[in-house]
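For the record, in the sequence shown the residue sitting at position 100 is 100 according to full-length UniProt numbering, with numbers rising by one throughout. Glycine is no exception: its CB is placed at the ideal position from the N, C-alpha and C atoms. Below: one structure, written as structure tokens.
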Amino acid sequence: MRLLSTKSLQRNMTLAKPIYNGKGQVLVGEGVPLTPRIIDRLIELGITYVYISDPFTNDIELKSPISEKTKKEAFQTIEQTFEVVKSGKSLSNVFLFEQLGKKFSFVVQDILNQIKNHTDVISLLSEVSAYDHYIFTHSLNVTIYSLALGVELKLPERKLEELGMGAMLHDVGKMLVPYDILTKPGKLTNEEFYVIQKHAEDGFNILRNIPNLPLVAAHCAYQHHERMDGSGYPRSLVGEDIHYYSRILAITDVYDAVTSNRVYRQALLPHEGLEILYAGAGTKFDLTMIEAFRRSIAAYPTGLSVHLNDGRKGIVIRQNTGTSERPVIRIIEDHGARVQTPYELDLLKELSVVIVETDTTLLGKNEIVPPKQT
């Protein structure tokens, strides 16, 4: 399967991975041939990249870090809790929130167990979704990224569970933000930005009184927009005054935000998201954590077309764990000429070869037609 820009899609290409809405429900299923109408609709929904079936890479299998069953349970639990907050039901309903707190604990433990058993680096690019309920999708993605980073940082089990709870609930305060501000496509006014900023404090006030929920989860909501140099909000905390979990969330929250589809911005590719994090390393974000995060995720996701510094082009077919910038490439072109027989190049073994450019567009009419085998 090949990762392509939606603007590069052509009639009768076939989806290799389904498209979801923000609640995890399938909008367009795997194996569906693309029509101009479907392509236009995907672009309208703000979806930037999709996986299509490709003769060069049909043997590639993308492994999701968590199962569909767990994903649905997580979406349901997030939605139930967030909708309770949005409806304005009294937080004094101890039984209701006690049950929700237990549900979150079970879901986080399930996700954590699956991440620990996931043998590959984390890539969520295949989990393509529209942004109609992006808060739910974002909350789950940040949880997966945060737990993967926490495992890489060798946090003990109890702390990983606390981190997961905080990550899944970090944006609950946004349910009190007016929908028109939350989904505004243009630049926010100062007044609107102030309303958005209040979600951190609102989230803290909501979570700190929920039974069966660790207090640090409330601090995750409160501090995930704080930055190491004091430029964040709501309290302009500096350095280690920011809770350890919140420093993790600062990284995973920004990364998922910039690599996911939004109503106001198209998604960046993973390596571009990492570049944004590194631009703030040591000032906005904890450098040690960024380095650990880089080891945890796929900077160049499987199915991505890449250009190498020696004039060859190919498609990422496999990841090397712990070295996200050096995957295994299937070479299909050499200095502008198709190779007769595609072959593998492991960048972890060929250290003089590096990726210099990525491509999610069709390079020509026959781009996804494989060469004749000899």
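Are residue i and residue j close, meaning C-beta to C-beta below 8 Å?
i, j, result
"Y222", "A200", "yes"
"T360", "S146", "no"
"V339", "D253", "no"
"L149", "I248", "yes"
"N212", "K102", "yes"
"A281", "L287", "yes"
"M260", "I297", "Reading the sequence as shown, one finds Ser at residue 260 and not Met. No."
"T283", "D229", "yes"
"residue 375", "A218", "Outside the displayed span of the chain (1 to 374) sits residue 375, for which this structure offers no information."
"I78", "M168", "yes"
"M353", "L304", "Here the sequence assigns Val to residue 353, which means Met is not the residue at that position. Cβ distance not < 8 Å, so V353 and L304 don't count as in contact."
"V26", "P18", "yes"
"D110", "T81", "no"
"D171", "I196", "no"
"S246", "E226", "yes"
"E162", "P214", "yes"
"P36", "R2", "no"
"I329", "L351", "no"
"A292", "P270", "no"
"F56", "P342", "yes"
"G31", "L45", "no"
"I206", "G173", "yes"
Based on DSSP bridge pairs, tell me the residues matched to residue i.
i, result
"K313", "H307 and E333"
"S87", "Beta-bridge pairing links S87 to no other residue."
"I19", "V28"
"F82", "None; F82 has no bridge partner."
"D359", "S305"
"T14", "P33"
"I122", "I297"
"Y343", "I331"
"residue 446", "Coverage of the chain is limited to positions 1 through 374, which leaves residue 446 absent and any answer about it impossible."
"R41", "DSSP, once it has assigned bridges, lists no residue as partnering R41."
Tell me where the beta strand (DSSP E) around residue i begins and ends.
i, result
"I52", "Y49 to I52"
"R295", "Segment L287 to S296 is the alpha helix (DSSP H) holding R295; no beta strand (DSSP E) there."
"L274", "Run containing L274: none in the beta strand (DSSP E); it sits in the alpha helix (DSSP H), P270 to A279."
"L3", "R2 to S5"
What residue does the alpha helix (DSSP H) around residue i start on, and which one ends it?
i, result
"L163", "E157 to L169"
"V142", "Y134 to E152"
Below 8 Å on the Cβ atoms is my guess for residue i versus residue j; work out the distance and round it to an integer in Å.
i, j, result
"D202", "L176", "5 Å"
"Y49", "T6", "7 Å"
"I60", "T358", "Not really, about 17 Å apart at Cβ, beyond 8 Å."
"L348", "N320", "5 Å"
"I331", "G311", "About 11 Å separates the two Cβ atoms, so there is no contact after all."
"R295", "G322", "5 Å"
"I144", "I47", "About 20 Å separates the two Cβ atoms, so there is no contact after all."
"I38", "V28", "6 Å"
"K184", "E191", "K184 to E191, Cβ: 12 Å. No contact."
State yes or no: is the C-beta of residue i nearer than 7 Å to some heavy atom of the ligand ATP?
i, result
"G46", "For the ligand ATP, the structure offers nothing, since it holds no ligand at all."
Using 8 Å as the limit for Cβ to Cβ distance, is residue i near chain D?
i, result
"D334", "Judged by its chain identifiers, the structure shown contains no chain D, having just a single protein chain."
For the segment 183 to 257, which segments carrying the alpha helix (DSSP H) assignment without a break, of at least 4 residues, lie completely within its bounds, in sequence order? 190 to 207 and 215 to 223
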